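When we follow my numbering, the leftmost residue of the sequence shown carries the number 35, and every step to the right adds one.
Structure first, then comments.
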Amino acid sequence: MTAEAPKILAWLDRGFAGSILLLALAAPLSIAGTQTAWAFALLFWLLRLFYVRPSFTRDGIPLAVIVFVGLTLISSIFSYEPEVSLRKMVAVSLVSIVFLVLSAVKTDKLRRLATIILLTSATFASIYSLANAAIGRNLKVLKMTAESPLRAWGIQENDTIQRADGVSVNSPEELSAAITANSSDGNVDLKVYRFEVVYTYSMPVGPLSPLSEPGFLGITEWSRGRDVRASGFYGHYTTFAEALQLVGSLALGLLILAPADCLPGIASC
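The following block contains the structure:
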């Protein structure tokens with residue numbers, strides 16, 4: 035090891051720990067951000083191999099993860115569609131996060147910091163979702179006239195119009211403006227939410243169509259949409275719910291393991 039090696043290793047350790055903290059921050063907020071942080075952490079771990087020999091334990095969580103990955107790989111090789119199954123191993127490789135965290139988070143200070151960042155990030159995502167539910171998003175059509183052209187193209191009362199040609203709309207005026215701006219090609223695609231299902235309707239609209247006037251849409255009563263499930267920053271409620279369940283389990287585990295004198299109102303055992 036050269037004289038510069040300890041300095042390089044120190045910087046690699048800082049980058050490794052910083053990537054894990056970034057991962058904790060991004061996990062409740064963004065899949066892409068989480069994968070980016072994971073990729074940086076993996077890169078720093080690989081670079082550290084030039085200076086430090088990794089050590090692996092053969093018991094506990096590491097052994098369980100190794101067995102899981104091994105069985106998954108075997109089942110992929112012998113599946114009915116090995117090509118499809120082996121491509122799915124890319125997602126399975128994310129379990130390497132377990133080893134990366136175990137390798138990087140070795141001090142109580144870093145553990146506490148990573149936990150605080152993770153819980154704070156999840157709390158922020160939850161507050162954001164609650165604020166969205168309170169304020170509402172997009173255009174919910176409560177009532178339309180019998181002659182409304184929206185009826186002819188499949189829009190029903192109590193539908194929530196989310197986008198017009200990719201542009202988010204929150205009022206009849208914004209819908210009319212989106213139609214005016216995007217009707218040059220003769221069609222406007224409306225993304226509509228209805229009872230847990232998202233539909234797309236294509237409306238043939240000319241450049242001089244009266245649909246560009248808010249009154250011609252025939253919307254007599256509307257509000258902001260509040261019936262869409264919370265999805266945080268993920269854009270999908272299933273992923274958001276799973277992330278919150280995992281973070282909630284972590285918070286519950288920390289509460290159970292917390293010393294009694296750290297919990298106000300609870301007597302020491």
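Cβ coordinates follow ideal geometry from the N, Cα and C atoms, glycine included.
If you're wondering where the values come from, they're calculated on a predicted model, not measured in any experiment.
Under 8 Å between C-beta atoms of residue i and residue j
| i | j | result |
| --- | --- | --- |
| LEU134 | ALA58 | no |
| LEU172 | SER202 | The sequence given here has Asn at residue 172, not Leu. In contact: ASN172 and SER202 (Cβ atoms closer than 8 Å). |
| ALA137 | TRP79 | The amino acid at residue 137 is misidentified as Ala; the sequence shows Ser. Contact flag set, yes. |
| LEU46 | LEU81 | yes |
| GLY170 | TYR235 | no |
| ALA198 | ALA186 | no |
| ALA61 | ALA277 | yes |
Same chain, Cβ closer than 6 Å to residue i, neighbours up to 5 away in sequence not counted
| i | result |
| --- | --- |
| TYR233 | VAL226 |
| PHE74 | SER53 |
| GLU255 | LEU176, LYS177 |
| THR194 | ASN172, LYS174, TYR227, GLY259 |
| LEU242 | Unreliable positioning characterises LEU242 in this predicted model, as indicated by a pLDDT of 45, which lies under 50. A coordinate reading is not provided. |
| THR106 | VAL126 |
| THR157 | none |
Sequence-distant residues of its chain with Cβ nearer than 7 Å to residue i (five each side left out)
| i | result |
| --- | --- |
| GLU191 | VAL175, LEU176, LYS177, MET178 |
| LEU55 | LEU147, ALA148, ILE151 |
| PHE274 | ALA264, SER265, GLY266, TYR268 |
| THR144 | In the sequence on display, residue 144 carries Leu and not Thr. Within the same chain, LEU144 has close Cβ partners ALA51. |
| TYR271 | ARG263, ALA264, SER265 |
Endpoints, the beta strand (DSSP E) within which residue i is located
| i | result |
| --- | --- |
| ALA264 | Element bounds for ALA264: n/a, residue is neither H nor E. |
| ARG228 | 221-228 |
| ARG197 | 194-198 |
| LEU173 | 171-178 |
| VAL231 | 231-238 |
Residue range of the alpha helix (DSSP H) that includes residue i
| i | result |
| --- | --- |
| SER109 | 94-111 |
| LEU63 | Per DSSP, LEU63 belongs to no alpha helix (DSSP H) and is neither H nor E. |
| VAL281 | 271-291 |
| ARG185 | 183-186 |
Residues of its chain near residue i, where Cβ-Cβ distance is below 8 Å and the 5 sequence neighbours each way are ignored
| i | result |
| --- | --- |
| LEU184 | VAL175, MET178, LEU251, GLY252, ILE253 |
| ASN221 | SER236, MET237, PRO238, VAL239 |
| VAL129 | VAL99, PHE102, VAL103 |
| VAL132 | ILE95, PRO96, VAL99 |
| ARG48 | none |
Legend entry - alpha helix (DSSP H) segments (min. 4 residues) lying fully within the segment 113-158: 116-121, 123-126, 130-138
Legend entry - Contact the segment 142-152 vs the segment 260-277: 3+ CB pairs below 8 Å: no
Inset, instruction - Please determine if the segment 50-70 and the segment 104-111 are in contact, where contact requires at least 3 C-beta pairs separated by less than 8 Å. - result: no
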